[in-house]
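Number of protein chains: 2
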Amino acid sequence: MESFESHQASSSEMRAFTWLVLLVQLLGLSGVIMVAVWMGHFRGGFAWQSNPDLEFNYHPLFMVIGMIFLYGDAILAYRVFRNDNKLYIKILHACLHVSALIFASVGLKAVFDSHNLAKDPKPNLYSLHSWLGLTTVILFSSQWVIGFVSFLWPKVGMGLRRRLMPYHVFFGVAILCFACATCLMGITEKAIWSMPKDYSKKPAEGILANCLGLILVAVVTLIVYLVSRFEYKRPPSPEEEHLQISDE
Amino acid sequence: MESFESHQASSSEMRAFTWLVLLVQLLGLSGVIMVAVWMGHFRGGFAWQSNPDLEFNYHPLFMVIGMIFLYGDAILAYRVFRNDNKLYIKILHACLHVSALIFASVGLKAVFDSHNLAKDPKPNLYSLHSWLGLTTVILFSSQWVIGFVSFLWPKVGMGLRRRLMPYHVFFGVAILCFACATCLMGITEKAIWSMPKDYSKKPAEGILANCLGLILVAVVTLIVYLVSRFEYKRPPSPEEEHLQISDE
């Protein structure tokens, strides 16, 4: 980061950026498909409250869609659409985060239901996965509210916004990393509980679970790289500067 | 990060920096003590190859000391000693990384021994924890070798060093995050296997394990914050600039 200084991207850098963004999409979608196959094929498919065991299966699927794929794309939106009207991108950024939050909420509902509605109810919130996961969702929601009030509506003054921005960006990226770490612990728990004797024999399901974990790590690493590497590269157009000042 | 621009730190920023570095040390040491108490008190203490079960207990202890505490301090050394001779700090940075690697190697030997020397030998390298952990140690070692050759001895030309530096910093921070994620999965595995029925009853050991995980997350988050927030704040003295040019 020491040399990630402010400069306009060269055309070869922009080509690399575009390919890396496409790679993130490809890996992100692969992750979503892999968790869907794990839960849908190996773990018996999906159901809602009629079958709490199968309702659980929505939890990993919806958390990966919301807290990795949509959240990651919300972060990348600022870099991908760097030449478009900033207000539109802010709205897109906020909407993608709302979608992420909706998926995460349904995913949380699924796991609480799967514990509480089981014939032999299971306790909630005792594992490190659940502690870090809940912390992550609370931080994510707080970040959304603070971001909305500070940058979208009603907005705070330009000076305060400038001071808040580094924290908004840092926590945005940090919370994405917390989400990824929580997913890795969730995969570990699920693999151990679902394959108590077989996980160590490297069955297809175990390999799939491990590859899913590595793909989530790759997705989040690439997103953080793109955000930090291309952090200064949104060219502020005169029109935007005017907009920023005029819509104080 | 968008506003983490190059500027000299104000005295209040430097005070905040100093307090945050002290906080990292305090939390890092707490983490080391907690994992020592977990393994030493709750898991029966330590032994070498005479008792493979107890030999395992060195694994979490040495990995946390090496891959979180020493590795984190190696990263911070550049910021903490920003006013000292750069060559000395480079050597300190490299030495702290070597110490981290020694602890990690003994920690890895402990876990392989605990599997291979057990009466009923256990399989190695099937879990996501082990896959990401091995990847992390290989990346860490490669980063050390590339960093040593590029920046310490024999060194590459200044132009190439400048181009390599952002990648060196990015991967340094990323590998620390991978190490933390691997620890979290290790804690999850150990908690589930050690307390198969009790973990969900929130016993003291479970609370300790969870708090250890959260503390490791806090340590790594603070280190990444300090590195990215204060990234530009090493003032290059004329003497150093002379040194950098003259020792090409």
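Protein sequences appear in the order of chains A and B.
For what it's worth, my numbering labels the leading residue of the first sequence as 3, then goes sequentially.
For what it's worth, my numbering labels the leading residue of the second sequence as 3, then goes sequentially.
Note that the Cβ used here is the ideal one computed from N, Cα and C, for glycine as well.
- request: Determine, using beta carbons only, whether E207(B) comes closer than 9 Å to chain A.
  value: Numbered from 1 along the second sequence, position 205 holds the residue referred to as residue 207(B). No, E207(B) does not count as interfacial toward chain A.
- prompt: C97(B) CB to nearest chain A CB: under 9 Å?
  reply: Reading the second sequence from its first residue, position 95 is the one you call residue 97(B). So, not an interface residue.
- request: Identify the contact partners of A120(A) in chain B, using a Cβ-Cβ distance below 8 Å as the criterion.
  value: Translated into the one-based positions of the first sequence, residue 120(A) becomes position 118. Those do not exist, as A120(A) stays about 13 Å from chain B at its closest Cβ, beyond 8 Å.
task: List the residues of chain B whose Cβ lies closer than 7 Å to the Cβ of P256(A), in chain order.
output: With chain A covering 3 to 250 only, the question about residue 256(A) has no answer from this structure.
query: Within this structure, are the beta carbons of H2(B) and S116(B) separated by less than 9 Å?
result: Absent from the model: residue 2(B). The displayed extent of chain B is 3 to 250, so no value can be given.
field: Y128(A): contacting residues in chain B (beta-carbon distance under 7 Å)
entry: As a working note, residue 128(A) is residue 126 in the first sequence. Here the neighbours are Y201, S202, K204, G208.
task: Could you name the residues of the region 216 to 227 of chain B whose beta carbon sits closer than 8 Å to any beta carbon of chain A, in the order they occur along the chain?
output: L216, V219, T223, V226, Y227
- request: Would you kindly check if the distance between the Cβ of P54(B) and the Cβ of N118(B) is under 9 Å?
  value: Taking the second sequence and counting its residues from 1, the one referred to as residue 118(B) is at position 116. Taking the second sequence and counting its residues from 1, the one referred to as residue 54(B) is at position 52. Yes, Cβ-Cβ distance for N118(B) and P54(B) is below 9 Å.
task: Could you check if E243(B) is buried or exposed, using at least 16 other CB atoms within 10 Å of its CB as the buried criterion?
output: Walking along the second sequence from the start, residue 243(B) turns up at place 241. Only weak support is given to the placement of E243(B): the predicted model assigns it a pLDDT of 48, under 50, and the question is left unresolved by the model.
query: Just checking my contact of F64(A) with A112(A) at CB under 8 Å: how many whole Å lie between their CB atoms?
result: The count along the first sequence starts at 1 and reaches residue 64(A) at position 62. The count along the first sequence starts at 1 and reaches residue 112(A) at position 110. F64(A) to A112(A), Cβ: 7 Å. Contact.
task: With distances taken Cα to Cα, identify the nearest neighbour of L94(A) among G208(A), R81(A), P156(A).
output: Taking the first residue of the first sequence as position 1, residue 94(A) is located at position 92. Of G208(A), R81(A), P156(A), the residue nearest in Cα terms is R81(A).
field: Distance, S132(A) Cα to S202(B) Cα
entry: Along the second sequence, one-based indexing puts residue 202(B) at 200. Along the first sequence, one-based indexing puts residue 132(A) at 130. Cα to Cα, the separation comes out at about 11 Å.
message: Can you check whether the C-beta of I70(A) is within less than 9 Å of a C-beta belonging to chain B?
response: If you number the first sequence from 1, residue 70(A) lands on position 68. Not closer than 9 Å to any Cβ of chain B, the Cβ of I70(A) fails to qualify, so no.
message: Between F232(B), L214(B), K88(B), S230(B), which has its C-alpha nearest I70(B)'s C-alpha?
response: Locating residue 70(B) in the second sequence gives position 68, where the first residue counts as 1. Minimum Cα distance to I70(B) is reached at L214(B).
task: Using a Cβ cut-off of 9 Å (strictly closer), state whether I247(B) contacts chain A.
output: Position 245 of the second sequence, counting from 1, holds the residue named residue 247(B). Bear in mind that a pLDDT of 41 at I247(B), under 50, signals an unreliable position, so the number given afterwards is only what the model happens to contain. Not an interface residue.
- prompt: Quick one: which chain A residues come within Cβ less than 7 Å of N85(B)?
  reply: Start at 1 with the first residue of the second sequence, and residue 85(B) comes out as number 83. Within chain A, no residue comes near N85(B); the closest Cβ sits about 16 Å away, beyond 7 Å.
- prompt: Do you know how far the Cα of L216(A) is from the Cα of E15(A)?
  reply: Residue numbering aside, residue 15(A) sits at position 13 when the first sequence is read from its first letter. Residue numbering aside, residue 216(A) sits at position 214 when the first sequence is read from its first letter. Distance between the alpha carbons of E15(A) and L216(A) is about 26 Å.
query: In terms of residues, what are the limits of the alpha helix (DSSP H) holding W21(B)?
result: Position 19 of the second sequence, counted from the start, is the residue given in the question as residue 21(B). Its alpha helix (DSSP H) spans residues 13 to 39.
Cβ-Cβ distance between A183(B) and C182(A) below 9 Å: Taking the first residue of the second sequence as 1, we reach residue 183(B) at position 181. Taking the first residue of the first sequence as 1, we reach residue 182(A) at position 180. Yes, they are a contact pair.
- request: Answer yes or no: does any C-beta atom of chain A fall closer than 9 Å to that of H43(B)?
  value: Along the second sequence, read from residue 1 onward, the residue named residue 43(B) stands at position 41. H43(B) does not count as touching chain A.
field: I35(B) to I189(B) span [Cα, whole Å]
entry: Mapped onto the second sequence, residue 35(B) falls at position 33. Mapped onto the second sequence, residue 189(B) falls at position 187. For I35(B) and I189(B), the distance between alpha carbons rounds to 15 Å.
- request: Please report how far the alpha carbon of G74(A) lies from the alpha carbon of K204(A), in whole angstroms.
  value: On the first sequence, residue 74(A) is found 72 positions in, with the first residue counted as 1. On the first sequence, residue 204(A) is found 202 positions in, with the first residue counted as 1. The alpha-carbon atoms of G74(A) and K204(A) are separated by roughly 30 Å.
Residue from M160(A), R163(A), F19(A) whose Cα sits closest to the Cα of R84(A): Your numbering for residue 84(A) matches position 82 in the first sequence. When only C-alpha atoms are compared, the closest one is F19(A).
- prompt: When you compare each of I194(A), E57(A), W155(A) to Y128(B) by their alpha carbons, which one comes out closest?
  reply: In the second sequence, the residue the question calls residue 128(B) occupies position 126. The shortest C-alpha separation from Y128(B) is found at I194(A).
query: Can you list, in chain order, the residues of its chain whose CB lies under 8 Å from that of L224(A), leaving out five sequence neighbours each side?
result: Numbered from its first residue, the first sequence carries residue 224(A) at position 222. L22, L25, V26, L29, listed in sequence order.
task: Check whether the Cβ atoms of L130(B) and N59(A) sit closer than 9 Å, and answer yes or no.
output: On the second sequence, residue 130(B) is found 128 positions in, with the first residue counted as 1. On the first sequence, residue 59(A) is found 57 positions in, with the first residue counted as 1. Going by C-beta atoms, L130(B) is not nearer than 9 Å to N59(A).
query: In its own chain, which residues sit with a C-beta less than 6 Å from the C-beta of V226(A), not counting the 5 before and 5 after it?
result: Numbered from 1 along the first sequence, position 224 holds the residue referred to as residue 226(A). Here the set comprises V175.
query: If you follow the alpha helix (DSSP H) that F180(A) is part of, which residue opens it and which one closes it?
result: Taking the first sequence and counting its residues from 1, the one referred to as residue 180(A) is at position 178. 160 to 196 is the span of the alpha helix (DSSP H), which, as asked, contains F180(A).
field: Cβ neighbour criterion (16 or more within 10 Å) applied to S164(B)
entry: Sequence index remark: in the second sequence, residue 164(B) carries index 162 (1-based). Sequence inspection shows Arg at residue 164(B); the Ser mentioned does not correspond to that position. Under this definition R164(B) is an exposed residue.
- prompt: Closer than 9 Å, CB to CB, is E191(B) near chain A or not?
  reply: Against the second sequence, residue 191(B) aligns to sequence position 189. Yes - at least one Cβ of chain A is within 9 Å of the one on E191(B).
field: Contacts of H61(B) in chain A (Cβ-Cβ under 8 Å)
entry: Counting from one through the second sequence, the residue named residue 61(B) turns up at place 59. Chain A residues near H61(B): none, gap ~16 Å exceeds 8 Å.
- request: Taking only beta-carbon positions, decide if W195(B) is within less than 9 Å of chain A.
  value: By one-based count along the second sequence, residue 195(B) stands at place 193. Yes, W195(B) counts as interfacial toward chain A.
message: Using the three-state DSSP reduction, which class does Y60(B) fall into: helix, strand or coil?
response: On the second sequence, residue 60(B) is found 58 positions in, with the first residue counted as 1. Here Y60(B) sits in helix by DSSP.
message: Using 9 Å as the threshold, is the C-beta distance between N153(B) and K92(B) below it?
response: The sequence position of residue 153(B) within the second sequence is 151, counting from 1. The sequence position of residue 92(B) within the second sequence is 90, counting from 1. In the sequence as displayed, the identity of residue 153(B) is Phe instead of Asn. In contact: F153(B) and K92(B) (Cβ atoms closer than 9 Å).
field: Residue burial classification, A206(A) (beta-carbon count within 10 angstroms, cutoff 16)
entry: Reading the first sequence from its first residue, position 204 is the one you call residue 206(A). Result: exposed.
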